[in-house]
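A.B. asks: Quick one: structure below, then a few questions.
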Amino acid sequence: MHAITINEPGGPEALVWAEVPDPVPGEGEVLVEVVAGAVNRADVMQRQGFYDPPPGASSYPGLECSGRIVALGPGVAGWAVGDEVCALLAGGGYAEKVCVPAGQLLPVPDGMDLVTAAALPEVTATVWSNVFMVAHLRPGETLLVHGGGSGIGTMAVQLAKAVGARVAVTAGSQEKLERCRELGADILIDYRRQDFVEELGKVTGGVGADVILDILGAKYLARNVSALAVNGRLVVIGLQGGRKAELDLGTLLTKRAAVLATSLRARPLQEKAAIVAAVREHVWPLIAGGRVRAVVDRTLPMRDAAEAHRILEESSHVGKILLTT
């Protein structure tokens, strides 16, 4: 088969379409013939040499895919050769075939084409596990999403609105903010011109956000805590703004608030399977009913993964960038 390989960390040019050995499914795994994969920030970090795959995972980038099952490993039940699926991966999605633990498979949602389904596994698993399973967002509460135009952001807006929350987003252009509005965002903040703490305070009467989903890390830590409501929950899922920052614990104590940090890729298989099962139970019906949709910015051939990474790093896209085999 062919896959995108990384011989040496570097820029987008480090991604090379090469012939590699076919994978063989092990115990509890299925072999998927990939139709499409999706690009994530974690793939860029891996390409740059900052985010190695967990032990036992494929060395090729790619944290989600869609395709057809072509072989079953020992001990797999409930799936059959020929099934059309999408999957959450620890790696290997930038390839023509990939082995997937059966617990990380999802059926393609009713009414959705197979290519578009590749846009769903990582964002739905990330948003549902963090916003709902960890931070317990409830109807009537306010969610602040940083990077509202991203794949994760566009999904977070839709899922939060679907459960009856009010949604605020930050983004760096009016075009992205308008797209967020179309998806249901109530409060639009241009972080290049506005301070999100001040703007959120104005709109909420000084109350703030009950839950904040943050991809910046250190850069936003102090301001995020300031923007939290009493009993608020800040969930950090990215470090695009750095790893280390000072925090006034007095502010946190006064608000009786919590700072939580999670990652998805390196979790044990049982935890990932539980998240995928929750997504299938709670999110898939919303997609099938038309209340939540995949937001795809563009689709490129997988051999052009370098161009897809350039586009992602420019941050001009809205939603997901897909790669097709």
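Number 5 in the UniProt record's numbering belongs to position 5 of the sequence shown; there are no gaps in the numbering. For every residue, glycine included, the Cβ atom is placed at its ideal position computed from N, Cα and C.
Once DSSP output is grouped into helix, strand and coil, what is the label at residue 304?
C.D. replies: Locating residue 304 in the sequence shown gives position 304, counting from the first residue. The answer is helix: DSSP assigns residue 304 an H, G or I state.
A.B. asks: According to DSSP, is residue 314 part of a helix, a strand, or is it coil?
C.D. replies: As a position in the sequence shown, residue 314 is number 314, starting the count at 1. Helix.
A.B. asks: Look up residue 25 in the DSSP assignment and say whether it is helix, strand or coil.
C.D. replies: The residue you call residue 25 lines up with position 25 of the sequence shown. Three-state DSSP puts residue 25 in coil, outside helix and strand.
A.B. asks: Just the C-alpha distance for residue 124 and residue 265, rounded to the nearest angstrom, thanks.
C.D. replies: Counting from one through the sequence shown, the residue named residue 124 turns up at place 124. Counting from one through the sequence shown, the residue named residue 265 turns up at place 265. So the alpha carbons of these two residues sit roughly 14 Å apart.
A.B. asks: DSSP three-state call for residue 282: helix, strand or coil?
C.D. replies: Within the sequence shown, residue 282 is the residue found at index 282, counting from 1. Helix at residue 282.
A.B. asks: Could you tell me whether the segment 112 to 129 touches the segment 266 to 280, using the rule of 3 or more Cβ pairs below 8 Å?
C.D. replies: As far as the Cβ criterion goes, the segment 112 to 129 touches the segment 266 to 280, which means the pair count is three or higher.
A.B. asks: When you compare the CB of residue 260 with every CB in chain C, is at least one pair closer than 8 Å?
C.D. replies: Among the chains of the structure shown, chain C does not appear; only one protein chain is present.
A.B. asks: Taking 7 Å as the limit between beta carbons, can you name the residues of its chain near residue 228, skipping five residues before and five after?
C.D. replies: The residue labelled residue 228 in the question sits at position 228 within the sequence shown. 208, 209, 212, 234, 255 and 257, listed in sequence order.
A.B. asks: Reducing DSSP to helix, strand and coil, say where residue 201 ends up.
C.D. replies: Taking the sequence shown and counting its residues from 1, one reaches residue 201 at position 201. Residue state, collapsed to three classes: helix.
A.B. asks: Alpha carbon to alpha carbon, how far is residue 158 from residue 183? Give it in angstroms, no decimals.
C.D. replies: For this step, residue 183 is matched to residue 183 along the sequence shown. For this step, residue 158 is matched to residue 158 along the sequence shown. Taking the straight line from one Cα to the other gives about 6 Å.
A.B. asks: Per DSSP, residue 110 is paired with what?
C.D. replies: Within the sequence shown, the letter at position 110 stands for residue 110. DSSP output for residue 110 lists no bridge partner at all.
A.B. asks: Any idea if residue 283 is buried or exposed, counting beta-carbon neighbours within 10 angstroms, 16 or more meaning buried?
C.D. replies: On the sequence shown, position 283 is the one that residue 283 refers to. The residue in question, residue 283, is buried, as its Cβ has 16 or more Cβ neighbours within 10 Å.
A.B. asks: Based on the DSSP secondary-structure assignment, which residues constitute the bridge partners of residue 215?
C.D. replies: Counting from one through the sequence shown, the residue named residue 215 turns up at place 215. Paired residue(s): none; residue 215 is not in a bridge.
A.B. asks: Residue 20 to residue 230, Cα distance in whole Å?
C.D. replies: Here residue 20 refers to the residue found at position 20 when the sequence shown is read from its first residue. Here residue 230 refers to the residue found at position 230 when the sequence shown is read from its first residue. One C-alpha to the other measures close to 53 Å.
A.B. asks: Within 10 angstroms of its Cβ, does residue 136 collect 16 or more other Cβ (buried), or is it exposed?
C.D. replies: Translated into positions along the sequence shown, residue 136 becomes position 136. Flag for residue 136 reads exposed.
A.B. asks: Tell me which same chain residues have a C-beta within less than 6 Å of the C-beta of residue 303, skipping the five on either side of it?
C.D. replies: As a first step, residue 303 is located in the sequence shown; it is residue number 303 there, counting from the start. Excluding sequence neighbours, residue 303 sits near 17.
A.B. asks: Secondary structure at residue 161, three-state DSSP: helix, strand or coil?
C.D. replies: Position 161 of the sequence shown holds residue 161. Three-state DSSP puts residue 161 in a helix.
A.B. asks: Looking at the unbroken beta strand (DSSP E) that takes in residue 190, where does it start and where does it end?
C.D. replies: Position 190 of the sequence shown holds residue 190. Segment 187 to 190, the beta strand (DSSP E) holding residue 190.
A.B. asks: Just to confirm the assignment, what range does the alpha helix (DSSP H) spanning residue 227 have?
C.D. replies: Reading the sequence shown from its first residue, position 227 is the one you call residue 227. 221 to 227 is the span of the alpha helix (DSSP H), which, as asked, contains residue 227.
A.B. asks: From the DSSP output, in three-state form, read off residue 231 for me.
C.D. replies: Within the sequence shown, residue 231 is the residue found at index 231, counting from 1. Note: residue 231 maps to strand in three-state DSSP.
A.B. asks: Hey, out of 58, 14, 295 and 118, whose CA is closest to residue 90's CA?
C.D. replies: For the purposes of this step, residue 90 is taken as the residue at position 90 of the sequence shown. The candidate whose alpha carbon is nearest that of residue 90 is 58.
A.B. asks: In whole angstroms, what separates the C-alpha of residue 146 from that of residue 250?
C.D. replies: Locating residue 146 in the sequence shown gives position 146, where the first residue counts as 1. Locating residue 250 in the sequence shown gives position 250, where the first residue counts as 1. Rounded to whole angstroms, residue 146 to residue 250 spans 24 Å at the Cα level.
A.B. asks: Rounded to a whole number of angstroms, what is the C-alpha to C-alpha distance between residue 259 and residue 237?
C.D. replies: As a first step, residue 259 must be located in the sequence shown, where it is residue number 259. As a first step, residue 237 must be located in the sequence shown, where it is residue number 237. When rounded, the distance between both Cα atoms is 11 Å.
A.B. asks: If I'm right that residue 120 touches residue 84 with Cβ under 8 Å, what's the distance once you round it to whole angstroms?
C.D. replies: Counted from its first residue, the sequence shown places residue 120 at position 120. Counted from its first residue, the sequence shown places residue 84 at position 84. At roughly 13 Å, the Cβ-Cβ gap does not stay under 8 Å, so residue 120 and residue 84 are not in contact.
A.B. asks: Using DSSP with H/G/I as helix, E/B as strand and the rest coil, what is residue 210?
C.D. replies: In the sequence shown, residue 210 corresponds to position 210, counting from 1. Correct three-state label for residue 210: strand.
A.B. asks: Among the residues of its own chain, which have a CB less than 7 Å from the CB of residue 54, if the five just before and after it don't count?
C.D. replies: As a position in the sequence shown, residue 54 is number 54, starting the count at 1. Hits under 7 Å: 90, 265 and 266.
A.B. asks: Rounded to whole angstroms, what's the CA-CA distance from residue 63 to residue 309? Just pull it up for me.
C.D. replies: Working through the sequence shown from its first residue, we reach residue 63 at position 63. Working through the sequence shown from its first residue, we reach residue 309 at position 309. So the alpha carbons of these two residues sit roughly 14 Å apart.
A.B. asks: Looking only at C-alpha atoms, which of 176, 87, 80 and 73 sits nearest to residue 279?
C.D. replies: For this step, residue 279 is matched to residue 279 along the sequence shown. Out of 176, 87, 80 and 73, 87 has the C-alpha closest to the C-alpha of residue 279.
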